[in-house]
Amino acid sequence: MRHIVTAALLLVGIIHLLPLAGVLGAARLSGLYGIAVEEPNLEILMRHRAVLFGLLGAFFCYAAFRPQQQALALVAGFVSVASFLLLAWTVGGSNAQLARVFAADLLALALLLVGGGAFVYSKATA
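Residues in the sequence shown are numbered from 55 upward in steps of one, following this note's numbering.
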């Protein structure tokens, strides 16, 4: 069971590391999200978001091999993914690039549910 948790967290970590490329600037952010990042304040916020996703992704990859950190990583991943999915669903009208992010987060949610289930099962049977 622990290999399922490890694999799930690694894959979710990789998904969360992908936006880190946005730290490279407005052109990369535009490619990732299909929006014009022309206003300096928006660029700062979006590049900072990229850094935060990088940190979160790195934590998931770290926690994949640290059982004592896995519960926290699973909860953090669920909050991250579920909040984006809820926001995107309730606001609606997203472009093709954000629809791709939505699909990636659906995959991440499925991985987190499987990983979380395996985590709980392994604790219950230990």
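C-beta: ideal position from N, C-alpha, C; glycine also.
Q) In terms of residues, what are the limits of the alpha helix (DSSP H) holding asparagine 95? A) As a first step, residue 95 must be located in the sequence shown, where it is residue number 41. From DSSP, the alpha helix (DSSP H) with asparagine 95 extends over 94-117.
Q) Could you give the residue range of the alpha helix (DSSP H) that holds alanine 153? A) If you number the sequence shown from 1, residue 153 lands on position 99. Segment 150-178, the alpha helix (DSSP H) holding alanine 153.
Q | 8 angstroms contact criterion, which valine 129 and leucine 163 should meet: CB distance rounded | A | What you label residue 129 is simply residue 75 of the sequence shown in a count that begins at 1. What you label residue 163 is simply residue 109 of the sequence shown in a count that begins at 1. No, valine 129 and leucine 163 are not in contact; Cβ-Cβ is about 13 angstroms, not under 8 angstroms.
Q. Between the beta-carbon of glycine 131 and the beta-carbon of valine 66, is there less than 7 angstroms?
A. Within the sequence shown, the letter at position 77 stands for residue 131. Within the sequence shown, the letter at position 12 stands for residue 66. Yes, Cβ-Cβ distance for glycine 131 and valine 66 is below 7 angstroms.
Q) If we count the other Cβ atoms within 10 Å of its Cβ and call it buried at 16 or more, is isoleucine 98 buried or exposed? A) Working through the sequence shown from its first residue, we reach residue 98 at position 44. So isoleucine 98 ends up on the exposed side.
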